[in-house]
Amino acid sequence: MLGGIARAIFGSQNDRIVKGMQKHIDAINNLEVSIASLSDEALQKKTAFFRKRLAAGETVDNLMEEAFAVVRESAKRILGQRHFDVQILGGIFLHQGRVTEIKTGEGKTLVATLPAYLNALPASGVHVVTVNDYLAQRDAAWMGKVYNFLGLTVGCIVHDLEDRERKAAYACDITYGTNNEFGFDYLRDNMKFRLEDMTQRDFHYALVDEVDSILIDEARTPLIISGPAEDNLQLYSQINELILYLEEDHYEKDEKQRTIILTDKGTDKIELLLSNAGIIRMGTLYDVQNISLVHQVNQALRAHKLFSRDTDYIVKNNRVVIIDEFTGRAMDGRRYSDGLHQALEAKERVAIQNENQTMASITFQNYFRLYPKLAGMTGTAMTEASEFQEIYQLEVVAIPTSAPVARIDEDDEVYRTIKEKYEAVVETIEKCRNSERPVLVGTISIENSEAVSRILKQRKIPHKVLNARFHEQESRIIAQAGRPGSVTIATNMAGRGTDIQLGGNIEMCLVQALEGVYDESARLQIVEKVTAEFEANKNKALAAGGLYVIATERHESRRIDNQLRGRSGRQGDPGRSKFFLSLEDDLMRIFGSELIDGMLQKFGLQEGEAVVHPWINKALAKAQHKVEVRNFEIRKQLLKFDDVMNDQRKIIYEQRREIMRLPEVHELVIDMRNEAIDNIVSQVIEEGSYSHQWDFELLCSEVQNLLGITPPLVEWAKEEFITKQDILERVREFSNAHLSQKDINFGSTLMRIAEKQLLLHILDQLWKDHLLSLDYLRQGISLRAYAQRDPLNEYKREAFCLFEKMLTDLRSNVTSTIAHLEIRAQSSDDIEIITAGKTGIHRTKNNQLINSNAIRSVTKDNHQAVSLTDRDKMTTLFPHLPIDWKTSEPNSSAVWGNVQRNKRCPCGSGKKYKHCHGRFN
Numbered sequence: 004m005l006g007g008i009a010r011a012i013f014g015s016q017n018d019r020i021v022k023g024m025q026k027h028i029d030a031i032n033n034l035e036v037s038i039a040s041l042s043d044e045a046l047q048k049k050t051a052f053f054r055k056r057l058a059a060g061e062t063v064d065n066l067m068e069e070a071f072a073v074v075r076e077s078a079k080r081i082l083g084q085r086h087f088d089v090q091i092l093g094g095i096f097l098h099q100g101r102v103t104e105i106k107t108g109e110g111k112t113l114v115a116t117l118p119a120y121l122n123a124l125p126a127s128g129v130h131v132v133t134v135n136d137y138l139a140q141r142d143a144a145w146m147g148k149v150y151n152f153l154g155l156t157v158g159c160i161v162h163d164l165e166d167r168e169r170k171a172a173y174a175c176d177i178t179y180g181t182n183n184e185f186g187f188d189y190l191r192d193n194m195k196f197r198l199e200d201m202t203q204r205d206f207h208y209a210l211v212d213e214v215d216s217i218l219i220d221e222a223r224t225p226l227i228i229s230g231p232a233e234d235n236l237q238l239y240s241q242i243n244e245l246i247l248y249l250e251e252d253h254y255e256k257d258e259k260q261r262t263i264i265l266t267d268k269g270t271d272k273i274e275l276l277l278s279n280a281g282i283i284r285m286g287t288l289y290d291v292q293n294i295s296l297v298h299q300v301n302q303a304l305r306a307h308k309l310f311s312r313d314t315d316y317i318v319k320n321n322r323v324v325i326i327d328e329f330t331g332r333a334m335d336g337r338r339y340s341d342g343l344h345q346a347l348e349a350k351e352r353v354a355i356q357n358e359n360q361t362m363a364s365i366t367f368q369n370y371f372r373l374y375p376k377l378a379g380m381t382g383t384a385m386t387e388a389s390e391f392q393e394i395y396q397l398e399v400v401a402i403p404t405s406a407p408v409a410r411i412d413e414d415d416e417v418y419r420t421i422k423e424k425y426e427a428v429v430e431t432i433e434k435c436r437n438s439e440r441p442v443l444v445g446t447i448s449i450e451n452s453e454a455v456s457r458i459l460k461q462r463k464i465p466h467k468v469l470n471a472r473f474h475e476q477e478s479r480i481i482a483q484a485g486r487p488g489s490v491t492i493a494t495n496m497a498g499r500g501t502d503i504q505l506g507g508n509i510e511m512c513l514v515q516a517l518e519g520v521y522d523e524s525a526r527l528q529i530v531e532k533v534t535a536e537f538e539a540n541k542n543k544a545l546a547a548g549g550l551y552v553i554a555t556e557r558h559e560s561r562r563i564d565n566q567l568r569g570r571s572g573r574q575g576d577p578g579r580s581k582f583f584l585s586l587e588d589d590l591m592r593i594f595g596s597e598l599i600d601g602m603l604q605k606f607g608l609q610e611g612e613a614v615v616h617p618w619i620n621k622a623l624a625k626a627q628h629k630v631e632v633r634n635f636e637i638r639k640q641l642l643k644f645d646d647v648m649n650d651q652r653k654i655i656y657e658q659r660r661e662i663m664r665l666p667e668v669h670e671l672v673i674d675m676r677n678e679a680i681d682n683i684v685s686q687v688i689e690e691g692s693y694s695h696q697w698d699f700e701l702l703c704s705e706v707q708n709l710l711g712i713t714p715p716l717v718e719w720a721k722e723e724f725i726t727k728q729d730i731l732e733r734v735r736e737f738s739n740a741h742l743s744q745k746d747i748n749f750g751s752t753l754m755r756i757a758e759k760q761l762l763l764h765i766l767d768q769l770w771k772d773h774l775l776s777l778d779y780l781r782q783g784i785s786l787r788a789y790a791q792r793d794p795l796n797e798y799k800r801e802a803f804c805l806f807e808k809m810l811t812d813l814r815s816n817v818t819s820t821i822a823h824l825e826i827r828a829q830s831s832d833d834i835e836i837i838t839a840g841k842t843g844i845h846r847t848k849n850n851q852l853i854n855s856n857a858i859r860s861v862t863k864d865n866h867q868a869v870s871l872t873d874r875d876k877m878t879t880l881f882p883h884l885p886i887d888w889k890t891s892e893p894n895s896s897a898v899w900g901n902v903q904r905n906k907r908c909p910c911g912s913g914k915k916y917k918h919c920h921g922r923f924n
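Under our numbering, think of the first position of the sequence shown as 4, with each following residue one higher.
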């Protein structure tokens, strides 16, 4: 109560924050007259002027007021749009690195020009992130006119661009793209083999549009780049047929948690079916030899009992395509992991693709936390303010609307059955049609949208359906949803990002009407006609009461419901919204509809009657809040586990970049070899033991496997005072001599290239295997809770051990591979080819190992080196080698230049230069 009184007197915290920015808005407004008096040329020169001031030591904060005034004037001249004061306010908060809640229709796209321009002035790159390719292209072209006028370059990242095009887009001052493209480019860059092949620059500033959708809704699922793994695809089809024989008492399903498990009766049934089908030949389902079948049976069970066609996925072009549960959009190219997608493909009897193995992954949380400065804007953020603060350290600020909101949000109508609910929905639509009022019908799935569509077709009510099946027509359909009497059915927030204007979208109407018309007078007549029609339609829609948003079901998140409501009542327009619910809806059914149903029957509710009361709205809001809290905990838990991997990911990616920056990695390889030798010698020769206790046969075998050499260890053992250190030094000397001979045979320059590329390739392979190990560890770690152990701490401990083992394996694998390396080149038409450095998903051929074509890691039985006699042939294979190498003897000191005396000798001996070729005689 006291808090309410204080807010009434002093205003809320948000009000005080907004009020504190008024001085900046006043300063920007005071500059408007002087900036408006500048010529176009003088206005354009402001960018160079600002950059000169930055070079002199000023900060972007010092330039904010003047830069915003320049952008406002440029937008007024180029786009014919002037930023409102509240849009300036939003730009200030976005520049400060906050999340701004800007209501739908208030011009978020125009707001973004202010912080994007200001933060692009240092020429470090600004990323503007959108939810789909259409919006990225539209905004880059639309707002790009302002940036180009002011002398900034604008790029756009969309699907199917080549690396060359991506690199050029990222080199621009401002780059538009989707969250998926930015994230996947980051992962792909960290799988490249040369710095010049990487497309992204260092991160500077990101502005995320529809920030709640990207940083919250999509944050449950990490971005994953995967490659095909060995798999028995036929088994998916076989198990799929057996699942059809299971009945309801064979499994237990929890719809709240989205889990399903076999009962004892179900286990017996599936074991019998698997045995009769010849899939299990011995033992039970849970025996060690059959344990992989448990996973496939569980995934097939999930595919049949938890995942529904046209709700969770659609079948399109003989493929299973995932549907985004929050936006209703088809997610082309995305696949469920762990065999679930294969199980769905078997269920729908489409072509089954190979199961994939993770090669690189990152969550959106950890990707966007890479940016030193992050900001976002959306129409609904305040309900998720705590998550933005806790996960991203982003403060949420609500921006007041330019005009008071005139939309009326009615109380929900609750019916007993879905049939009654749909009847009420259709009756409301008919009334709106009769009064020429535009209607937007929101549904939570394709199945529901098509159910409403079927009823409307039966009633012969014209309408448009917008769901994942008609994704390509999204912007065109939603843009005309404000025409008088139009009826548009959309899944959740399909069409989000495109404004619904009363009367329709005049720009799109003009584009369509003017297509193919080139006569100037004819074009003017068409413009006048379309403009007059638009004004008449707008007046009709206004007179009818504005856009009526009808929602057919509550979503799990209040924020998604608010987004749907927010499509109506833009910029002070009139509007209305109402939710029609039934006790058979998923949210109502899962969260205690039986109790409510009993009460309604007790009060004598008749068929077709609805319950309408504010208390019901409050009860539903509480249920939604519980689901939101649970989903937040899921995302937070996912992030805690991913943070463990993220720390390791940062180390590996930074090491890869450091390796690529180095001109050569010879000293690093030598250090790895010495550590690997120390490791195998220490395993055989324990500290404090005597020479007669040493197992020289085992040591000889280990040295042979690791280094490809056979030192006289047995003879050394006969020496009376031999020590472990003596063994270490002698094995190292033998190894150095062996590799020095390789340098002589193949040329030190070629060996340096081979070392660098093999090091990167082996690191990538081990990292991929490490990710797979972490996946397996993550799946079973929750069982540690039964032993009163914290699964997260257990995961951290074991992940650290796995990481240390990976680094040990890296040293030994690099050492062994280079020791057994052979380079063969018999003739120009007969060259042994190996693609050791190719990851299988790179976009360009430049990512292959060295050009890949003449390096081979041979087996232990093939030690005889073949010398290179045809140097011209190797020059053809490796055109990027130094010219000196092509014309001179590579092991000649004449081509080395000045070598520091304490550096390793370039000949590859492993000795310091002053003790080798730089020795004074």
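Idealized CB from N, CA, C, for every residue including glycine.
Keeping to the same chain, check which residues put their C-beta closer than 8 Å to that of residue i; ignore five residues upstream and five downstream.
i: K268; result: D252 and H253
i: A544; result: E439, R440, P441, G485, R486, P487, L505, G506 and L550
Tell whether a beta-carbon distance below 8 Å holds between residue i and residue j.
i: Q302; j: L343; result: yes
i: A172; j: G154; result: no
i: T202; j: D176; result: no
i: A346; j: Y239; result: yes
i: A384; j: V131; result: no
i: R805; j: S785; result: Strictly speaking, residue 805 in this sequence is Leu, with Arg absent from that position. No, the Cβ-Cβ distance between L805 and S785 is not below 8 Å.
i: I934; j: I449; result: Here the chain comprises residues numbered 4 to 924, so residue 934 is not present and cannot be evaluated.
i: S560; j: E631; result: yes
In its own chain, which residues sit with a C-beta less than 7 Å from the C-beta of residue i, not counting the 5 before and 5 after it?
i: D412; result: R568 and S580
i: R169; result: I160, D188 and T202
Please state whether DSSP places residue i in a helix, a strand or coil.
i: C159; result: strand
i: T178; result: strand
i: M194; result: coil
i: S40; result: coil
i: P577; result: strand
i: R410; result: strand
i: I1; result: One cannot answer for residue 1 here, as it falls past the ends of the chain, which runs 4 to 924.
i: L852; result: At L852, the pLDDT of 34 sits below 50, so the modelled position is not reliable; the number obtained from the coordinates is stated separately. In the structure shown, L852 sits in coil (DSSP, three-state: anything other than H, G, I, E or B).
i: K460; result: helix
i: D650; result: helix
How close, in whole Å, do the beta carbons of residue i and residue j come, if the pair is a contact with beta carbons under 8 Å?
i: R562; j: L584; result: No, R562 and L584 are not in contact; Cβ-Cβ is about 18 Å, not under 8 Å.
i: R204; j: A378; result: The pair is not a contact, with the Cβ atoms about 19 Å apart (cut-off 8 Å).
i: L218; j: F96; result: Actually they do not touch by this definition, with Cβ atoms about 16 Å apart.
i: L121; j: H98; result: 6 Å
i: I481; j: I503; result: 6 Å
i: T107; j: G382; result: 4 Å
i: S229; j: M362; result: 6 Å
i: V114; j: G94; result: 5 Å
How should residue i be labelled, buried or exposed, when 16 other C-beta atoms within 10 angstroms of its C-beta is the threshold for buried?
i: C512; result: buried
i: F206; result: buried
i: Y521; result: exposed
i: W618; result: exposed
i: A144; result: exposed
Less than 7 Å separating the Cβ of residue i from some heavy atom of the ligand GDP?
i: A346; result: The ligand GDP is not part of this structure, which contains no ligands at all.
Enumerate in chain order the residues of its own chain whose CB-to-CB distance from residue i is below 6 Å, with the five nearest sequence positions on each side excluded.
i: I20; result: V400
i: E667; result: R755
i: K727; result: I688
i: D18; result: none
i: D588; result: E556
i: Q627; result: R561
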